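For reference, the structure is listed below as structure tokens.
There are 2 protein chains.
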Amino acid sequence: MTVTHPARGMRDFLPDDVRRRAYVVSVIAGVYERYGFEPLETPAVENIETLLGKYGDEGDRLIFKILKRGEGAERGEADLALRYDLTVPLARVVAEYRGMLPRFFKRYQIQPVWRADRPQRGRYREFYQCDVDAIGSRSPVVEAELCAAAAEALTRLGFATFTVRLNHRQLLAGLLEASGVPGDLQGAALVALDKLDKIGRDAVSGELDDRGVPPAAAASLLDLFDRLGPAAGTSAVAVGTDEALRTLSDRVAGLPEARAGLENLAEIVALCAGTPAAGRIRIDPSLARGLAYYTGAIMEIAVTDLAGSLGGGGRYDRLVGMFLGDDVPAAGFSLGLERILVVMTERGMFPPHLTGAAADVMVTLWNTSGRAAALALAGELRAAGLRVDVYPDADRLGKQFKYAAARGVPLVAVLGDDEVARGEVAIKDLRSGEQHAVPRATLAAALRDRLAVPPAAGASGAAPHA
Amino acid sequence: MTVTHPARGMRDFLPDDVRRRAYVVSVIAGVYERYGFEPLETPAVENIETLLGKYGDEGDRLIFKILKRGEGAERGEADLALRYDLTVPLARVVAEYRGMLPRFFKRYQIQPVWRADRPQRGRYREFYQCDVDAIGSRSPVVEAELCAAAAEALTRLGFATFTVRLNHRQLLAGLLEASGVPGDLQGAALVALDKLDKIGRDAVSGELDDRGVPPAAAASLLDLFDRLGPAAGTSAVAVGTDEALRTLSDRVAGLPEARAGLENLAEIVALCAGTPAAGRIRIDPSLARGLAYYTGAIMEIAVTDLAGSLGGGGRYDRLVGMFLGDDVPAAGFSLGLERILVVMTERGMFPPHLTGAAADVMVTLWNTSGRAAALALAGELRAAGLRVDVYPDADRLGKQFKYAAARGVPLVAVLGDDEVARGEVAIKDLRSGEQHAVPRATLAAALRDRLAVPPAAGASGAAPHA
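Set out below in structure tokens:
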């Protein structure tokens, strides 16, 4: 028989999975909406030239390419590709619709992206990103709002202990320059430095050496980080540690751009004081972020006892210019839905109502001639806002009860000949085993009482998926 | 500069587009949930052998194929492909997780599919389907529930005049056989017959001739349809037209399978009597449906004054068997989101609140030193459930008001030095131009009064997108 598993690195989401994912997405989208961000969606498929050259060589290799239809197919030519992130499509959209968008365009976008990475635990080839970006302003208000929104989203999902690590590309460049790392090795040094909290000082030292950074420069750089934090593994500088900030400031004293970067960070931290990000921000000069397009502040959210991050972002004032010609200031933050889900599942952070019940009530089928009556009864209950399943066949009642229980349906409505004669319907509560008859006219209310579903909430129809 | 438009036949959805789409999706998903269907999601990308050979030659040609990574790429080999519909992935899922799914698996799935069709007005290469399927039962209760759910979804969206056309593949095969259409030409005859309501009797007659159907058989077939309905263009047989049903029954008298098909249709119509599909169903023997995999009842929703359909479906008892080996009975219905959106847009069927307002309130920025205070005020209002934007720069107030008005934001909060000194905040209503100051402690309540947003609804956070 044909293979039935999903493609490598991809996943099917069964109903409980979808409900968990939709819950997290709705919390995040709800927060983004309250921050004045508007929803945007772009196609899964982009023209291949839109994507190539935006993510570096490694990125280009990981882009899924779509074969041309017709003639080009035999030659193996590709003209389209699958979306690799949500930032490059946003930059394209800003260039394409510049006349129609507001001067400050604040959008959120929650859609899947695809990367032909080697699949491994927690890393997939199809995964969702939850991005929020503000286009058109250089104000540090933008970065503060991004940090506040991300922090509020995580807090509302139940995360209690997390830190927003904050750094600045210009500060970073200044620290490398001041330590004597030659300009052409700064990119490689950044990649090594980014691992300081993961692999430790000695391993980073070895990697800097491997990459050709002169020993004196590497030592000067690592020495700086030693002085900034108590240990390399937890190198984050607590905001307000005046000594650490003074150390940084002294080091880049002769470099105006780096000093401006440091001042920008101080402003962002100050602006966050009255927001949900208050007390979460840590200036961390070892944070580098992989992507090449960042130009200013960069940030990443770290959770206690968890390697890797739940999301990150930064300012990228020149990416839109790659599409538009003119630069347009921009900054954004991306929460990683898959990692958030992994942590929430491991730590049991989902509300209990999310799983289990496929319906509130199941209407049983007494006999074949009672089918129309069963469907009509289901229709009445649905009109009253209840989620109602109908057993499709006239099987033994015991079998029908067992089926409902297995699906997690708490209540069963039985419409037998006796009940019909008396104008009643029997309710069986599968949780207690209790059964009693109620007049048909009051059935929906009786069921709702047992479920404790208020009429309005039920009638509005929960849409766990969209 | 780089090209900035989306790929051919694909669309970007700006905020108002996303809100309209999310509204329709949430109404449909809400109805499906009330019918006891559970959400399922499958990957956009499938192994290519999962899709090939399931949709006919024409379908295979329209599948977007993904180039192999590494070696196969140079040879133009494809190992993956983009989802072409939601039914084949469902059949794969049923086979893959058969031990984990309930005996009757009722799922809905609302996701995009991709087809390399020639783009034209209202036809795209990326489009959403809203599918609902019930696996595991041969009961006509299943078809009745599918018709009822689709009819209720359209009714809740505001469609008043639509018809569920109903036919049966076995009845259709019997009618062709009884008219003398040879077995090997029945597929071709079905394709021609399916166009009866679109191109009329004469054109169908010509097409049957072109396809090699003997003139006597074609005449007998078309003669039957003349007798069934008042005109070929509106050939639907009104249910209860005893004469029409007797005509059909007589024609297939000697064909037990076709008679069983007709009886099945009568049962489905009877079961719909107490549901939202009541009075909508019309048995229409000219309905054929393009897909090869249908085995029983087929249906399609037609809207008055609209060519084409808003959705369709049917019973397909052998598709799961292509993956599983053993046949599993199944039936489903798919609503076409894009057509629904086109009609709703043309006819102005969206609720007015869906478009325009990016936020409820915008907090202005008085001067650079007031930025932290503005962010803190925004935070208070967000915590009270309001959607709040903050103007990022200390521009002239008039410019800030103009910007808010252009984004459709109805209210602006002004926190100037005077207001701060008095413990007040000024509210400007951009709809009336009116401005007045309120104590800061009552600001959220005052804004909500003006917006007429109840606290609970605001605080729960509308998530228009998921």
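Listed in order, the protein sequences are those of chains D and X.
Each residue of the first sequence is one higher than the last, beginning at 1 in this note's numbering.
Each residue of the second sequence is one higher than the last, beginning at 467 in this note's numbering.
Ideal Cβ placement from N, Cα and C applies to all residues, glycine included.
Here the structure is a predicted model, which means the values were calculated and not measured.
Distance, residue j Cα to residue i Cα
| i | j | result |
| --- | --- | --- |
| I28/D | A413/D | 37 Å |
| E33/D | R156/D | 14 Å |
| L228/D | R169/D | 18 Å |
| A614/X | V497/X | 10 Å |
| R541/X | E58/D | 22 Å |
| L451/D | S835/X | 53 Å |
| L949/X | V24/D | It is not possible to answer for residue 949/X, since the shown part of chain X is limited to 467 through 932. |
| G53/D | L62/D | 12 Å |
| S334/D | D884/X | 38 Å |
| F691/X | P648/X | 19 Å |
| A73/D | I66/D | 10 Å |
| V786/X | F323/D | 46 Å |
| Y574/X | F503/X | 6 Å |
| G774/X | K661/X | 10 Å |
| A150/D | A394/D | 52 Å |
| A406/D | E41/D | 38 Å |
| R677/X | D716/X | 27 Å |
| V213/D | A178/D | 14 Å |
| Y124/D | E46/D | 20 Å |
| L146/D | E300/D | 11 Å |
Cβ-heavy atom distance, residue i to the ligand FMN, below 6 Å
| i | result |
| --- | --- |
| L843/X | Because no ligand of any kind appears in the structure shown, any question about the ligand FMN cannot be addressed here. |
Neighbour flag for residue i against chain X, beta carbons, 7 Å
| i | result |
| --- | --- |
| D250/D | no |
| F162/D | no |
| D326/D | no |
| T4/D | yes |
| P15/D | yes |
| T42/D | yes |
| R83/D | no |
| T144/D | The sequence given here places Ala at residue 144/D; Thr does not occur at that position. Yes - at least one Cβ of chain X is within 7 Å of the one on A144/D. |
| F64/D | yes |
| V18/D | yes |
| R92/D | yes |
| E58/D | no |
Supposed contact pair residue j and residue i - C-beta distance, whole angstroms, cut 8 Å
| i | j | result |
| --- | --- | --- |
| G756/X | R781/X | Actually they are not in contact, since the Cβ atoms of G756/X and R781/X sit about 15 Å apart, beyond 8 Å. |
| T87/D | D131/D | 7 Å |
| L776/X | G802/X | 6 Å |
| A544/X | I514/X | 6 Å |
| L843/X | A144/D | Incorrect: roughly 13 Å between the Cβ atoms, too far for contact. |
| G522/X | F571/X | Rounded, the Cβ-Cβ distance is 26 Å, inconsistent with contact. |
| V559/X | D12/D | 5 Å |
| A273/D | A838/X | 6 Å |
| R914/X | E890/X | At roughly 17 Å, the Cβ-Cβ gap does not stay under 8 Å, so R914/X and E890/X are not in contact. |
| A7/D | P509/X | 6 Å |
Residue nearest to residue i in terms of C-alpha spacing, selected from the options
| i | options | result |
| --- | --- | --- |
| A188/D | D305/D, L51/D, A173/D | A173/D |
| I749/X | L728/X, Y759/X, G740/X, Y760/X | L728/X |
| R382/D | A151/D, L443/D, A394/D, F127/D | L443/D |
| V409/D | A244/D, E338/D, F401/D | F401/D |
| P505/X | E592/X, Q577/X, M566/X, L517/X | Q577/X |
| R20/D | T275/D, G200/D, M344/D, P329/D | M344/D |
Residue-chain proximity (residue i, chain D), Cβ-Cβ < 7 Å
| i | result |
| --- | --- |
| V933/X | As shown, chain X starts at 467 and ends at 932. That puts residue 933/X outside it, with no answer to give. |
| A811/X | According to the sequence shown, residue 811/X is Thr rather than Ala. By this cut-off, T811/X is not an interface position. |
| T741/X | yes |
| L533/X | yes |
| D861/X | no |
| S800/X | no |
| M765/X | no |
| A796/X | no |
| P568/X | yes |
| R837/X | yes |
Near-chain X residues of the region 242-272 of chain D - C-beta to any C-beta below 7 Å: A270, L271
Interface positions of the region 307-324 of chain D facing chain X (Cβ-Cβ less than 8 Å), listed along the chain: M322, F323, L324
Interfacial residues, the region 347-362 of chain D to chain X, with Cβ spacing under 8 Å: A358, A359, M362
Near-chain D residues of the region 585-607 of chain X - C-beta to any C-beta below 7 Å: E592, S603, S605, V607
Residues of the region 845-869 of chain X whose Cβ lies closer than 9 Å to any Cβ of chain D, in chain order: G845, E846, L847, R848, A849, G851, L852, R853, V854, D855, V856, Y857, P858, D859, A860, Y869
Contact list for the region 745-763 of chain X against chain D, Cβ threshold 8 Å: none
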